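In the working numbering, the protein residues as written are -3 to 113.
Notes follow the structure.
Quick look at the structure:
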């Protein structure tokens, strides 16, 4: 086709483990920081005279503080989610966990202590 050119550009990112100042691990995918969502319970603490406006408070419904087990992370880029395995100290097992971008969560765990076998 004359006068028409097509140019493709891909930015291929990989999930990278990073270490914070406290020695805990967090994960980035490009500019996004990944987290495990924590199930939350919503409570309306105050109502306002405008319909639909409330002050809300969130508390963890089921809180598990995972630890980094050094397992690989695979991306599901179509759903913008990432699958890995983290150590669950409550159950004392390494189990599959979904990571999502931090901005898509209300309550979340972003940093993980390293699990020592």
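Glycine included, each C-beta is placed from N, C-alpha and C at the ideal position.
Quick caveat, the model's predicted, so the values are computed rather than measured.
Strictly under 8 Å for the Cβ-Cβ distance: is residue i near chain B by that measure?
i          : result
residue 63 : The chain inventory of the structure shown lacks chain B, comprising one protein chain alone.
Taking residue i and residue j to be in contact with their CB atoms under 8 Å, please state how far apart those CB atoms are, rounded to whole angstroms.
i           : j          : result
residue 95  : residue 32 : 6 Å
residue 78  : residue 11 : 6 Å
residue 103 : residue 54 : 6 Å
Below 8 Å between beta carbons: does that hold for residue i and residue j?
i           : j          : result
residue 111 : residue 50 : no
residue 80  : residue 97 : no
residue 61  : residue 14 : no
residue 101 : residue 16 : no
residue 35  : residue 19 : no
Since residue i is in the beta strand (DSSP E), which residue starts that stretch and which ends it?
i          : result
residue 88 : It is not in any beta strand (DSSP E) - residue 88 carries neither H nor E in the DSSP assignment.
residue 30 : 28 to 33
residue 13 : 11 to 15
Should the segment 0 to 7 be called in touch with the segment 85 to 93, which here means at least 3 C-beta pairs below 8 Å? No, they do not touch.
Any 3 or more C-beta pairs closer than 8 Å across the segment 39 to 52 and the segment 14 to 27: Segment contact: the segment 39 to 52 against the segment 14 to 27, fewer than three CB-CB distances shorter than 8 Å; contact not assigned.
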